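2 protein chains.
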Amino acid sequence: MERLIRSTQELLWERGYVGTSPKAIQRAADAGQGSMYHHFAGKAELAKAAIERSGLELRAAAEEQFEEPGTATDRITHYLERERDVLRGCRIGRLTADPDVMGDPELRAPVAETFAWLRSRLAEIVAEGKRKGEYPDRLDAEQTAATIAAVLQGGYVLARAAGSVEPFELAVQGLINLLPEATK
Amino acid sequence: MERLIRSTQELLWERGYVGTSPKAIQRAADAGQGSMYHHFAGKAELAKAAIERSGLELRAAAEEQFEEPGTATDRITHYLERERDVLRGCRIGRLTADPDVMGDPELRAPVAETFAWLRSRLAEIVAEGKRKGEYPDRLDAEQTAATIAAVLQGGYVLARAAGSVEPFELAVQGLINLLPEATK
DNA sequence: GTCTATACCGCGATAGAC
DNA sequence: GTCTATCGCGGTATAGAC
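So the sequences go chain by chain: A and B. Its first residue numbered 2, the first sequence is counted upward by one per residue in my numbering. Its first residue numbered 2, the second sequence is counted upward by one per residue in my numbering.
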């Protein structure tokens, strides 16, 4: 049952919801048909569990960087430059392309919540940077937070399109260079 | 045949490659089975034509903004703020999530080329801004170009996740505010 | 060129045995 | 709880008539 969820997470990441069949999940989890349908009502319910799990993991991984000591830019930079499996893309952001996920409120909710959390967490950090004089007052925390999150998500897209991590790294460095710096 | 391509473009945009069946295309194009397979060897070939077409259209639409008069920031801002069907996402960027597209060199090529073009075109504009003294020398044109493209692609992702254009608009404004300004 | 018929396969789920 | 059998449906393609 744990294996079913983990396998579903992997397959959703790689192939999305539409591209993932119950049979493929069972194969990957080394579980039988009966087992899967005993624990979960169907594909959607299993996907829901997997997406929620992935959302929690994303938050935990991000929070690790956010809690690092240092200035706001330090923490944001840590987060942006964290080691990532860039060419696999974002497990959550990916689902945004899936009409069956976006069309089902149960599946969509964890996706929406994950990004809502991420943006508000980033906004807190930017706001703190403003309070401490690291950033000018005119910098809008919500806007900047959205920009940071977007660069990551878009970086994945560009990298996958190019088949190379380069565009991702360029985009991230480009953003870091644009962030206001008190020290320069 | 023209209708087949157009319908495929629409369906790929909405449902992706995996989620689009030949039958659905035929329905949308009001064409028969035989007609489709007469003109195209199969789903992949038709998709290739549709993706190439969408790539050309994306380039044409972007070039329209890039050719506007004004400073580099003006032109970039025009491009970023152009009216878009944000919640539908990017027709090309979307395909990046599709393993069957990324796995087929024929289908992947037009996706890769479109973004390669976009980034190099944006880099030219940034470079011109540097030459004209609008941007400082230390601004890296390729990095900044990647950042701009990423904000758009990521903005779509965030907007779709939220079910609202707001995050897209925040991300775009956040980026514009981060761009160096000679006039302020 | 376009139509209809046909084929084979895998999807997603249910049923009932063990 | 897990297994196997079975089901109806749609995906993707081919064949041959018109």
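Note that CB positions come from ideal geometry on N, CA and C, so glycine has one too. None of the values given here were measured: they were computed from a predicted structure.
Discussion item. Tell me the residue span of the alpha helix (DSSP H) that contains residue 7 of chain B.
Written reply: Translated into positions along the second sequence, residue 7 of chain B becomes position 6. Its alpha helix (DSSP H) spans residues 3–16.
Worksheet item: Is there at least one Cβ from chain A nearer than 8 Å to residue 17 of chain B's Cβ?
Response: Within the second sequence, residue 17 of chain B is the residue found at index 16, counting from 1. So yes, residue 17 of chain B belongs to the interface.
Fill in: Chain-ordered neighbours of residue 152 of chain B on chain A, where CB pairs are closer than 7 Å
Looking up residue 152 of chain B in the second sequence gives position 151. Per Cβ cutoff of 7 Å: 148, 151, 152, 155.
Fill in: alpha helix (DSSP H) segment containing residue 75 of chain B, residue limits
Counting from one through the second sequence, the residue named residue 75 of chain B turns up at place 74. Counting along the chain, the alpha helix (DSSP H) containing residue 75 of chain B begins and ends at 73–82.
Discussion item. Using the three-state DSSP reduction, which class does residue 42 of chain B fall into: helix, strand or coil?
Written reply: Looking up residue 42 of chain B in the second sequence gives position 41. DSSP places residue 42 of chain B in coil when its eight states are reduced to three.
Discussion item. I want to verify the contact list: residues of chain A whose CB lies under 7 Å from the CB of residue 31 of chain B, in sequence order.
Written reply: Numbered from its first residue, the second sequence carries residue 31 of chain B at position 30. Residues of chain A passing the Cβ test: none, with the nearest at roughly 22 Å.
Worksheet item: Looking at C-alpha atoms only, which residue of A:73, A:21, A:10 is the closest neighbour of residue 133 of chain A?
Response: Residue 133 of chain A sits at position 132 when you count from the first residue of the first sequence. The candidate whose alpha carbon is nearest that of residue 133 of chain A is A:73.
Practice prompt. Report buried or exposed for residue 57 of chain A, applying the criterion of at least 16 other Cβ atoms within 10 angstroms of its Cβ.
Written response: Within the first sequence, residue 57 of chain A is the residue found at index 56, counting from 1. The residue is exposed, with fewer than 16 neighbouring Cβ atoms inside 10 Å.
Worksheet item: By Cβ distance below 8 Å, which residues in the same chain neighbour residue 100 of chain A in space, the five residues on each side in sequence not counted?
Response: As a working mapping, residue 100 of chain A is identified with position 99 in the first sequence. So the list reads 19, once near-sequence residues are dropped.
Discussion item. Taking only three categories from DSSP, how would you classify residue 19 of chain B?
Written reply: Here residue 19 of chain B refers to the residue found at position 18 of the second sequence. Correct three-state label for residue 19 of chain B: coil.
Item to complete: Identify which residue in A:24, A:166, A:29 has its Cα closest to the Cα of residue 7 of chain A.
Response: Counted from its first residue, the first sequence places residue 7 of chain A at position 6. Answer by Cα proximity: A:29.
Item to complete: Flag this pair as yes or no: are the beta carbons of residue 69 of chain B and residue 79 of chain B separated by less than 8 Å?
Response: Translated into positions along the second sequence, residue 69 of chain B becomes position 68. Translated into positions along the second sequence, residue 79 of chain B becomes position 78. Cβ atoms of residue 69 of chain B and residue 79 of chain B: closer than 8 Å.
Worksheet item: Using a beta-carbon distance below 8 Å, is residue 137 of chain A in contact with chain B?
Response: Locating residue 137 of chain A in the first sequence gives position 136, where the first residue counts as 1. No, its Cβ sits nowhere closer than 8 Å to a Cβ of chain B.
Discussion item. Out of A:27, A:122, A:163, which one is the CA nearest neighbour of residue 67 of chain A?
Written reply: Numbered from its first residue, the first sequence carries residue 67 of chain A at position 66. The residue with the shortest Cα to Cα distance from residue 67 of chain A is A:122.
Worksheet item: Which one of A:181, A:54, A:26 has the shortest CA to CA distance from residue 131 of chain A?
Response: Here the question's residue 131 of chain A lines up with position 130 in the first sequence. Nearest of A:181, A:54, A:26 to residue 131 of chain A, Cα basis: A:181.
Worksheet item: Hey, how far is the Cα of residue 91 of chain A from the Cα of residue 87 of chain B?
Response: Translated into the one-based positions of the first sequence, residue 91 of chain A becomes position 90. Translated into the one-based positions of the second sequence, residue 87 of chain B becomes position 86. If I take the Cα positions, the gap works out to 20 Å.
Item to complete: Tell whether a beta-carbon distance below 8 Å holds between residue 150 of chain B and residue 179 of chain B.
Response: For the purposes of this step, residue 150 of chain B is taken as the residue at position 149 of the second sequence. For the purposes of this step, residue 179 of chain B is taken as the residue at position 178 of the second sequence. No. Outside cutoff.
Item to complete: With 7 Å as the limit, tell me which residues of the region 39–54 of chain B have their beta carbon closer than that to any beta carbon of chain A; keep them in chain order.
Response: none
Worksheet entry | residue 101 of chain B - DSSP class collapsed to helix/strand/coil | As a first step, residue 101 of chain B must be located in the second sequence, where it is residue number 100. Residue 101 of chain B: helix per DSSP, three-state reduction.
Practice prompt. Check whether the Cβ of residue 166 of chain B lies closer than 8 Å to any Cβ atom in chain A.
Written response: To locate residue 166 of chain B, count along the second sequence from 1; it is residue 165. No, no contact with chain A.
Worksheet item: Using the C-alpha atoms, what's the distance from residue 171 of chain A back to residue 155 of chain B?
Response: Mapped onto the second sequence, residue 155 of chain B falls at position 154. Mapped onto the first sequence, residue 171 of chain A falls at position 170. Approximately 15 Å between the Cα atoms of the pair.
Practice prompt. Please list the partners that residue 159 of chain B has in chain A, where partner means a Cβ-to-Cβ separation under 8 Å.
Written response: In the second sequence, residue 159 of chain B corresponds to position 158, counting from 1. Correct list: 116, 120, 147, 150, 151, 154.
Worksheet entry | Test: residue 62 of chain B CB closer than 8 Å to a CB of chain A | On the second sequence, position 61 is the one that residue 62 of chain B refers to. Taking Cβ atoms only, chain A never reaches closer than 8 Å to residue 62 of chain B, which makes this a no.
Discussion item. Please return the same chain residues whose Cβ sits closer than 7 Å to the Cβ of residue 173 of chain A, not counting the five positions on each side in sequence.
Written reply: In the first sequence, the residue the question calls residue 173 of chain A occupies position 172. Around residue 173 of chain A: 81, 82, 152, 156.
Item to complete: Starting from the beta carbon of residue 103 of chain B, find every residue of chain A whose beta carbon is closer than 7 Å, and list them in chain order.
Response: Numbered from its first residue, the second sequence carries residue 103 of chain B at position 102. Going along chain A in sequence order, the residues near residue 103 of chain B (Cβ under 7 Å) are 161.
Worksheet item: What does residue 141 of chain A reach in chain B if we use C-beta pairs closer than 9 Å?
Response: Position 140 of the first sequence, counted from the first residue, corresponds to residue 141 of chain A. Correct list: 171, 174, 175, 178.
Item to complete: Measure the C-alpha to C-alpha separation of residue 75 of chain A and residue 43 of chain A and round it to an integer number of angstroms.
Response: The residue you call residue 75 of chain A lines up with position 74 of the first sequence. The residue you call residue 43 of chain A lines up with position 42 of the first sequence. Cα to Cα, residue 75 of chain A sits roughly 44 Å from residue 43 of chain A.
Practice prompt. Take residue 31 of chain A as the anchor and find which of A:11, A:47, A:5, A:147 has the nearest alpha-carbon.
Written response: Residue mapping note: residue 31 of chain A aligns to position 30 of the first sequence, counting from 1. Of the candidates A:11, A:47, A:5, A:147, the one whose C-alpha sits nearest the C-alpha of residue 31 of chain A is A:5.
Fill in: chain B contact residues for residue 144 of chain A, given Cβ-Cβ distances below 7 Å
Your numbering for residue 144 of chain A matches position 143 in the first sequence. Ordered by position in chain B, the residues that pass the 7 Å Cβ test against residue 144 of chain A are 171, 174, 175, 178.
Discussion item. Is there a C-beta anywhere in chain A that falls below 8 Å from the one on residue 100 of chain B?
Written reply: Numbered from 1 along the second sequence, position 99 holds the residue referred to as residue 100 of chain B. Yes, residue 100 of chain B lies at the interface with chain A (some Cβ there is under 8 Å from its Cβ).
Item to complete: Within 10 angstroms of the Cβ of residue 49 of chain B, are there 16 or more other Cβ atoms? Answer buried if so, exposed if not.
Response: Counted from its first residue, the second sequence places residue 49 of chain B at position 48. Answer is buried; the Cβ neighbour count reaches 16.
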